[in-house]
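In my numbering, the protein residues as written are 23 to 381. Idealized CB from N, CA, C, for every residue including glycine. As the structure is a computational prediction, the values presented were derived from the model and not from experiment. Remarks on the structure that follows.
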C-alpha cells in the first residue's frame with residue numbers, strides 16, 4: 023500500500039523517464055522531417071507560381087480567341103518567341119516561351135457556313151450561306167489543325183504550347199527547348215501543351231457548332247412545313263371554289279326542276295281541258311285528251327322527282343360548301359402558324375451563327 027502511494031506521488035510530481043523518451047523521439051522525428059522537407063518548400067512554391075502563371079496565360083489565350091477568332095502570334099524578344107503579353111493584357115513581368123500553329127494566328131475566314139433556307143415568301147426563294155466570321159470558323163480551323171504538331175511535341179497534335187522557366191525565373195530558358203510535359207530531361211521547366219481537340223473542348227466548340235448546325239436543320243424543316251402548309255392552303259382554296267361552283271349548279275338545277283314541274287302542271291291542265299266533252303261530244307277529242315293527260319301526268323311525276331333530287335343536291339352542296347369553308351379556315355390558321363415557326367427558327371439559326379462562341 024505504501025509503495026503504491028509513493029509511486030503515485032512521483033507520477034503526480036513530474037514526467038517519468040518513459041514519457042520523456044517518447045517526447046524526445048517525437049521531436050527528433052519532427053526535426054528530421056523539417057530538415058528533409060523544408061528545402062523543398064521554395065521549389066514547391068515556385069512550381070505553384072509557374073502553374074498559376076501558365077493557367078493565367080491560357081485563360082488570356084482563350085479570351086483572345088473568343089474576341090478575335092484567332093490566337094495571337096508570338097512576340098520576338100532576344101530572338102525568342104514569347105507570349106505577347108501586351109496584346110493579351112497581361113503583366114509585362116510575365117515572360118513565357120510561346121509557340122503556336124501559324125494557321126491559327128490568322129483569320130480563319132468563313133469556313134463554317136451552314137446552309138440556311140430563304141425567308142418565307144422571299145422572291146427568289148433561294149437558300150443562303152451564312153457569312154459570319156467568328157469563333158465557329160476558328161473551331162473549323164482547329165479541326166483542320168488536328169494532324170499538326172509543334173517543335174518538341176514528338177509529333178503529337180498541338181495547337182499551342184507555353185513554357186515557364188521554373189524556379190530559376192523567366193529568363194532561365196534562353197537556351198532551353200520545348201518538350202512534352204513530364205518528359206525526361208525537362209528539368210525545372212514547366213510546359214503547358216494544348217491539343218486542337220482539347221482546346222476546342224475548352225472553347226465549347228462541339229456544343230456550339232452542334233447547336234448552329236441543329237438550328238440550320240430546324241430552320242429548313244420549318245421552312246418545308248411552311249411550304250407544305252402553303253400548298254395545302256392553296257388546295258383548300260380550290261376546294262372552296264369547286265364547292266361554290268357545285269352549289270351554283272345545284273341551285274340552277276333546282277330552278278330548272280321547278281320550271282319542269284310548272285310546265286308539267288300546265289300540260290296536265292291542258293290535258294284535263296281536252297277531256298271535257300263538248301257539244302256534241304267528240305269521242306276522238308276525249309280520247310286525245312285522255313292520252314295527253316296520261317303523258318302530262320307521267321312528265322309531271324318525273325319533274326317532281328327531279329325537283330326533289332335538285333333540292334337534295336342543293337342542300338348537299340350547301341353542306342359541302344360549309345365544310346370546305348371550315349377546312350379553308352383551318353388551313354389558313356395552320357399556314358400562319360407554320361410561317362411564324364419558319365420565321366422564328368430562321369431567326370434563331372442566324373442568331374446562333376452570329377453569336378459564334380460568345381456566351
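Start and end residues, beta strand (DSSP E) containing residue i
i	result
residue 102	102 to 104
residue 183	182 to 186
residue 122	119 to 122
residue 97	97 to 99
Per-residue burial, residue i [other beta carbons within 10 Å of its own, 16 or more giving buried]
i	result
residue 358	exposed
residue 362	exposed
residue 61	Residue confidence for residue 61 is low, a pLDDT of 49 falling below 50, so the modelled location carries little weight; the figure read from the coordinates is stated next. It is exposed - the Cβ of residue 61 has fewer than 16 other Cβ atoms within 10 Å.
residue 343	buried
residue 156	buried
residue 126	buried
residue 336	buried
residue 49	exposed
residue 42	exposed
residue 286	buried
residue 223	exposed
residue 244	buried
residue 152	buried
residue 47	exposed
residue 263	exposed
residue 292	exposed
Residue range of the alpha helix (DSSP H) that includes residue i
i	result
residue 107	107 to 110
residue 175	Run containing residue 175: none; DSSP gives neither H nor E here.
residue 160	157 to 166
Contact under 8 Å by Cβ, residue i with residue j
i	j	result
residue 226	residue 181	no
residue 77	residue 110	no
residue 251	residue 347	no
residue 87	residue 160	yes
residue 79	residue 170	no
residue 17	residue 255	Only positions 23 to 381 of the chain appear in this structure, which leaves residue 17 out of reach.
residue 364	residue 329	no
residue 232	residue 339	no
residue 248	residue 349	no
residue 74	residue 128	no
residue 326	residue 283	yes
Residue-chain proximity (residue i, chain D), Cβ-Cβ < 8 Å
i	result
residue 80	Annotation note: the requested chain D is absent from the structure, which comprises a single protein chain.
What are the start and end residues of each continuous alpha helix (DSSP H) run of 4 or more residues lying completely inside the stretch 200 to 251, in chain order? 218 to 225
Using 8 Å as the cut-off, can you tell me whether the stretch 136 to 150 makes contact with the stretch 234 to 252, which would need three or more C-beta pairs spanning the two stretches below that distance? By the Cβ test, the stretch 136 to 150 is in contact with the stretch 234 to 252, since at least three Cβ pairs between them sit closer than 8 Å.
For the pair the stretch 104 to 114 and the stretch 199 to 213, tell me if three or more CB-CB distances fall below 8 Å. no
Taking three-plus beta-carbon pairs below 8 Å as touching, is the stretch 367 to 377 in contact with the stretch 254 to 270? Judged by Cβ distances under 8 Å, the stretch 367 to 377 makes no contact with the stretch 254 to 270, as fewer than three pairs qualify.
Please determine if the stretch 152 to 169 and the stretch 98 to 107 are in contact, where contact requires at least 3 C-beta pairs separated by less than 8 Å. no
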